[in-house]
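In the numbering used here, the protein residues as written are 510 to 725.
Just so you know, even glycine gets a beta-carbon here, dropped at the ideal spot from N, CA and C.
Remember, predicted model here, so these are calculated numbers, not experimental data.
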């Protein structure tokens, strides 16, 4: 009969906390290697070496390399969404104010850690299903815009399908502008956020004007 596993505290740190700490180290190592050298350089051996852990602890957390990559992608997604939504929703101003705040929060994160945008935009075709999984980042940002836009459109109403198309256009366009900016960051994060938000607001106004013309 198998003896029950004995779980002890060491140095006042519980076994659960130690596992959480090890997971954090592995995620941080995978994220750094992916962001600095590309997804192809992320290996179990390399991640363990960077984290200062043995493979035993890797497999305690992840079944394989691919599962780690999915977890890193989710970690970056959650960080970006939390920053953008906290800044954007928390701003009491107009649609433009909210977009500026959200984009500034996003860009400030990217400026501090360029690995974030590389992970969020790099080619993932080498890992089955990861491209589709990561596409959820842009979908979630689009959903957030669709959810909060009606409250800042000054009573203007857009059909749900039209609003979503507009949100997709804004998110995709902003992402392209940010990618170009990363190659040559001439503007400050605040300046670029203002450029993107002004373009987005102009586009939304054109949608509202077209909708009004169609219904009159």
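- Residue 589 holds the alpha-carbon nearest to the alpha-carbon of residue 622 among 589, 714, 640, 717.
- Note on geometry: alpha-carbon atoms of residue 591 and residue 646 lie some 12 Å from one another.
- Look at the beta carbons and you see the region 522-540 not touching the region 591-605: under three pairs across the two are nearer than 8 Å.
- Following the DSSP letters along the chain, one finds residue 670 inside the alpha helix (DSSP H) bounded by residues 669-692.
- For the 8 Å CB-CB criterion, residue 635 and residue 549 form a contact.
- Judged by DSSP in its simplified three-state form, residue 606 adopts helix.
- Within the same chain, Cβ atoms closer than 8 Å to the Cβ of residue 624 are found at 540, 541, 543, 544, 545, the five residues on either side in sequence being excluded.
- When rounded, the separation of the alpha-carbon atoms in residue 658 and residue 570 is 39 Å.
- Taking all protein chains shown into account, residue 676 has 16 or more neighbouring C-beta atoms within 10 Å of its C-beta and is therefore buried.
- Distance between residue 689 and residue 525, taken at the CA atoms: about 43 Å.
- Contact annotation: residue 710 and residue 605 have beta-carbon atoms nearer than 8 Å.
- Spanning the alpha carbons of residue 580 and residue 535 requires a straight line of approximately 10 Å.
- In this structure, 673 is the residue among 553, 642, 673, 523 with its C-alpha nearest to the C-alpha of residue 652.
- Per the coordinates, the alpha-carbon of residue 533 lies some 49 Å from the alpha-carbon of residue 719.
- For residue 551 and residue 608, the gap between their C-alpha atoms comes out near 34 Å.
- Around the beta-carbon of residue 627, 16 or more other beta-carbon atoms lie within 10 Å, marking it buried.
- Under the 10 Å beta carbon count, residue 695 is surrounded by fewer than 16 other beta carbons and is classified as exposed.
- By the criterion of a C-beta distance shorter than 7 Å, residue 610 is surrounded in its chain by 596, 597, 600, once the five residues flanking it on both sides are discounted.
- Assigned with DSSP and collapsed to three states, residue 698 falls in helix.
- In the three-state scheme derived from DSSP, where H, G and I count as helix and E and B as strand, residue 635 is classed as coil.
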